[in-house]
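Our numbering numbers the first residue of the sequence shown as 817 and each following residue consecutively. For each residue, glycine too, the CB sits at the ideal point set by N, CA and C. The structure appears right after this line, and notes come after that.
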Amino acid sequence: MRRTVLIIGMAAVAFPLVNGVTSAGATAATPMQLPFPCGERWYGKSYTGGGHAHNAYAIDFNGSPSDGDGDQGRRVVAAAGGKVIRSVYETGNGFGNVVVIRHADGTTALYAHLKSRSVSTGASVGQGQSIGTVGKTSAKYKMGAHLHFEHRTSGGGGIAARFNGAGFAYNGRHNAVVSRNCGGGTQNSTPDKPSTPAGSSNPYSPEKVCGSGFRRIDAAPLGSAGTVHLLYNSATGENCVTTVRSSGSGKVAMTAYLEAKGKARGQDKGSFQYYAGPVKTQARGICVKWGGSIGSAAYNSQFEHCKA
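Below you can see the structure in the form of structure tokens.
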């Protein structure tokens, strides 16, 4: 497969050694979620044969086991909140555009080969916040687009990754994991079609708001207040945006908007109990800009998802 061929060239040289790795059972206090938007399915591959000689617990993520550069530009989010201690293009190793976030327990998460970085060194980020996009940048190696992810101890050693409380399977195969990075690490019991977070008093899911045929392709948490969601209907070529509250107590100022490149922006704005939207537009093969707000918490994307 493409990924295997790419890593062969990296295995002999790899990246600079760190302070070894922890035992496979090592865990950290920071609860991690998958570094991708809520509801997305990604395939992580570990290289037990030494393809990641610098860290046996490194993972390379792709949207499918062999999708070429199909993931180029897809959104990467923080697996856990913390402070950005590095956001640079590194030439001394193979990481290229890299972001490193230090968490409250002293551990760090590393995101490498990014196409773009949307956070700066010194910034504080929340779990689920956008930090960049998937790419294939490297000063030393030629590769296909993917996200290289590591969870490390405060001393630089590798930690076996856990997402949504479950350990990642380090078996050298492409293992599918569905993101539960839905704002604050809320668990959700529906694997492929997440709805409102467990324990919520809001009966509306994004799919219920947008209607039949729409599936979630991106999401951005608005603190603990709720989440703004981007959905797509492959049959009609429509995108849909809705902002959904985490709870439905009283009413609050909310917005949801969607803009296809070259078209007028659509927006729903008002005081709502459960959700804002849906806002829909035909956008097959067209880049879209989307976002929303609940109270003072807001998210605004750049033009993206151009192939949907």
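{"query": "Can we count residue 952 as close to the ligand SAH, meaning its CB is less than 7 angstroms from some heavy atom?", "result": "This structure does not include the ligand SAH; it has no bound ligands of any sort."}
{"query": "Whole angstroms are fine: how far does the CA of residue 1075 sit from the CA of residue 987?", "result": "42 angstroms"}
{"query": "Do the segment 959-976 and the segment 933-946 make contact, defined as three or more Cβ pairs closer than 8 angstroms?", "result": "no"}
{"query": "Return the chain-ordered list of same chain residues with a C-beta closer than 8 angstroms to the C-beta of residue 993, the five sequence neighbours on each side being excluded.", "result": "850, 857, 858, 859, 860, 979 and 984"}
{"query": "Taking the alpha carbon of residue 846 as the reference point, which residue from 939, 971, 955 and 896 has its own alpha carbon closest?", "result": "896"}
{"query": "Would you mind sorting residue 921 into buried or exposed? The rule is 16 or more other CB atoms within 10 Å of its CB.", "result": "exposed"}
{"query": "Compute the beta-carbon to beta-carbon distance between residue 1096 and residue 1056, rounded to the nearest angstrom, for a pair I have assumed lies under 8 angstroms.", "result": "5 angstroms"}
{"query": "Please state whether the Cβ-Cβ distance between residue 915 and residue 900 is less than 8 angstroms.", "result": "yes"}
{"query": "Apply the 10 Å Cβ neighbour rule to residue 884 and answer buried if 16 or more other Cβ atoms are within range, or exposed otherwise.", "result": "exposed"}
{"query": "Using CA atoms only, rank isn't needed, just tell me which of 1089, 1123 and 1091 is closest to residue 1098.", "result": "1123"}
{"query": "Enumerated in chain order, which unbroken segments of the beta strand (DSSP E) with a length of 3 residues or greater are wholly contained in the segment 936-979?", "result": "946-949 and 963-968"}
{"query": "For residue 911, which residues of its own chain have a beta-carbon under 6 angstroms away from its beta-carbon, when the five flanking residues on both sides are left out?", "result": "928"}
{"query": "Quick one: what does DSSP say residue 1056 is sitting in, helix, strand or coil?", "result": "strand"}
{"query": "When the distance is taken between beta carbons, is residue 1069 closer than 8 angstroms to residue 1087?", "result": "yes"}
{"query": "Could you pull the start and end residues of the beta strand (DSSP E) that residue 1075 belongs to?", "result": "1068-1076"}
{"query": "When you compare the CB positions of residue 948 and residue 930, do they come within less than 8 angstroms of one another, or not?", "result": "yes"}
{"query": "Who are the Cβ neighbours of residue 904 in its own chain at under 6 angstroms, not counting the five residues just before and after it?", "result": "none"}
{"query": "Do residue 894 and residue 941 have their C-beta atoms within less than 8 angstroms of each other?", "result": "yes"}
{"query": "Which same chain residues end up closer than 6 angstroms to residue 939 when comparing Cβ atoms and leaving out the 5 residues on each side of it in sequence?", "result": "900"}
{"query": "Candidates 1100, 1045 and 1071: which alpha carbon is nearest residue 1077's?", "result": "1100"}
{"query": "Please state whether the Cβ-Cβ distance between residue 1042 and residue 1061 is less than 8 angstroms.", "result": "yes"}
{"query": "Mind checking whether residue 855 and residue 977 have CB atoms under 8 angstroms apart?", "result": "no"}
{"query": "For residue 925, count the other beta carbons within 10 Å of its own beta carbon; 16 or more makes it buried, fewer makes it exposed. Which is it?", "result": "buried"}
{"query": "Do you know offhand how far residue 848's Cα is from residue 1053's?", "result": "34 angstroms"}
{"query": "Residue 931 lies in the alpha helix (DSSP H); which residues open and close that run?", "result": "It is not in any alpha helix (DSSP H) - residue 931 carries neither H nor E in the DSSP assignment."}
{"query": "Identify, in the order they occur along the chain, each residue of the same chain with its Cβ nearer than 6 angstroms to the Cβ of residue 1118, setting aside the five sequence neighbours on each side.", "result": "none"}
{"query": "Could you give the DSSP three-state label for residue 899: helix, strand or coil?", "result": "strand"}
{"query": "Considering only the alpha carbon of each residue, which of 880, 863, 918 and 889 lies closest to residue 898?", "result": "918"}
{"query": "Tell me, please, which residues DSSP counts as bridged to residue 1104.", "result": "1076 and 1120"}
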